[in-house]
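Residue numbers (our numbering): 3 to 377.
The structure is reproduced here in structure tokens:
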């Protein structure tokens, strides 16, 4: 155990030329790396309040802050879990949008705004098969900085031994659960759900009301199976498209002119598109409900993504984390661009299976997606 501890500290010290921060979750593993990091002189700590946290965890973050005398920065997404459920539905094992919006988005913005070059995490290989190939310095495609994993090779007994030896305050939820984290995670066990209902029936009631409302919208017949039977955690809502205007493309050699036309009731979407158009082209003009844009013909797929991002945006902020320059932000519930920071790299328009799927949460996950009809 002493050798593992010494190795972890040495590995962190090797990176003392970088500005690092601890990504603290309130769990036992992140407590250990927080303690290791503090011992090496690191004082930047961030906690992402996903709006899915147990109240005990939020209180525990304050306790840890006092214990170490640290100002733990608490970050949140521009939207809450229940607000997003209204747009997308409940996060499930098949539609796992929650981490992208409520966790990785906020800590990514923290990294960009504070010039953080890497997050120290409590990730361990033995937690799951999916993590067995992780390295000491790795990358999370949803976060724009390196991920540092100093206790990657530790097992549960190592973690608890370190906590006991150093008399560290651990989350009281471990007296009830084997793992702590988001209380309504679709991967939690039935035993966890039953225990949660015992200690926080009010949270279960609120969640079930949200599920019932969503089931009603989807006209689900067997609501009992969907809610109490946990059918929601394997649910994938059928998709449909809503067309609010047209898109006409005229090819002209290496470039093409695109004409966007909106029906009268949807004219306001043109201003949303105008906010982020310079990501891909500054050669455009707007005439009432029409927009004419000239773009490179090789950028047509990214252009379509840009348009659909703009007209589907609900201000969740997940895509702002794709810009390492901090050019994207949320204002009045939708995406805006700081043109002085944008270098037109188009990274925010890349639809990657490993990163932000579809380059937009709503575009990828929502049951109702707004589009323009090609003519």
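No residue lacks a Cβ here, since even glycine has one placed at the ideal position from N, Cα and C.
In the three-state scheme derived from DSSP, where H, G and I count as helix and E and B as strand, residue 141 is classed as strand. For residue 23, the secondary structure class from DSSP, reduced to helix, strand or coil, is strand. Under the three-state reduction of DSSP, residue 149 is assigned to strand.
Around the beta-carbon of residue 290, fewer than 16 other beta-carbon atoms lie within 10 Å, marking it exposed. Ranked by Cα distance from residue 266, the first of 280, 245, 276, 277 is 245. The Cβ atoms of residue 26 and residue 40 lie no closer than 7 Å to each other.
Only residues of its own chain outside the window of five on either side were considered, and among them 81, 103, 363 have a CB closer than 6 Å to the CB of residue 318, listed in chain order. In this structure, residue 213 sits near residue 234, with a CB-CB distance shorter than 7 Å. Nearest C-alpha to residue 261 among 292, 31, 156: 292. About 6 Å separates the beta carbons of residue 274 and residue 336, which is inside the 8 Å limit, making them a contact pair. Its Cα nearest to that of residue 248, the residue 271 stands out among 71, 205, 142, 271. In this model, residue 99 and residue 6 are separated by some 35 Å (Cα to Cα).
Between the C-alpha atoms of residue 218 and residue 264 there is a straight-line separation of about 31 Å. Per the Cβ contact rule, the stretch 357–376 is in contact with the stretch 318–328 (3 or more Cβ pairs under 8 Å).
The Cβ atoms of residue 128 and residue 243 do not sit closer than 7 Å to each other. Relative to the Cα of residue 277, the nearest Cα in the group 330, 253, 179 belongs to 330. Residue 22 places its beta carbon less than 7 Å from that of residue 120.
Membership of residue 223 in any beta strand (DSSP E) is not indicated, and neither H nor E is assigned to it by DSSP. Under the three-state reduction of DSSP, residue 172 is assigned to coil, being neither helix nor strand.
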